[in-house]
Each structure stands twice: as C-alpha cells, then as structure tokens.
Amino acid sequence: FDNQQLYMEAGELLLIASADVVGGIQRGGFSQEALLKLVRDMHDETIETIVDHIARLLPLLDGQSNIDADRSLLLVRRRF
31 FDNQQLYMEA GELLLIASAD VVGGIQRGGF SQEALLKLVR DMHDETIETI
81 VDHIARLLPL LDGQSNIDAD RSLLLVRRRF
C-alpha cells in the first residue's frame, strides 16, 4: 500500500464501506450509487443518525449462509 494524505474541509464526510455493504442487493447491501445518495441526502444529520439509518436498512443476516459476510462501514465528518 502507498501512503496518501487526505485533506478534508470543515463539514466534509469520508465514507469507507466494505464490498458487502456496497455489493448490491444480491450481497445484502446497497449499490454504491444508492449508498452515496443516501449519505448525501442525510449530510446535515449527525453521523450517528446517518449510520443508524443505514444499519436499519441493511437486511438481517441469517448466520449460516452469510457467515463470512463483512458489512463494515466507517463514516467520518471533519468538524472544523
């Protein structure tokens, strides 16, 4: 991996999601476009509200068939 610097302006959001979150309905998640639209539409909400809303929209996993599912999501907002 190459090290890179990321500069964010005040109020900007950084969203990192695993493939199972942005893998579409067949992988139990969203399409990348749908997830980005959802986050953009909720931009003025708190991070907690956005993440909670996304988590509620993801279908529940049944344990057996999705034992290797990785539905990781990181959302960061620069405050100042």
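Counting from 31, one number per residue, gives the positions in the sequence shown under this note's numbering. Ideal placement from N, C-alpha and C gives every residue a C-beta, glycine not left out.
Sequence-distant residues of the same chain with beta carbon closer than 6 Å to S102, five excluded per side
S48
Enumerate in chain order the residues of its own chain whose CB-to-CB distance from E63 is below 7 Å, with the five nearest sequence positions on each side excluded.
none
In whole angstroms, what separates the C-alpha of M38 from that of R109?
10 Å
What residues match up with R107 in a beta bridge as DSSP calls it?
L43
Shortest alpha-carbon distance to V51 belongs to which of L87, Q34 and H73?
L87
Relative to the alpha-carbon of P89, which residue among V69, Q35, G59 and D32 has its alpha-carbon at the smallest distance?
G59
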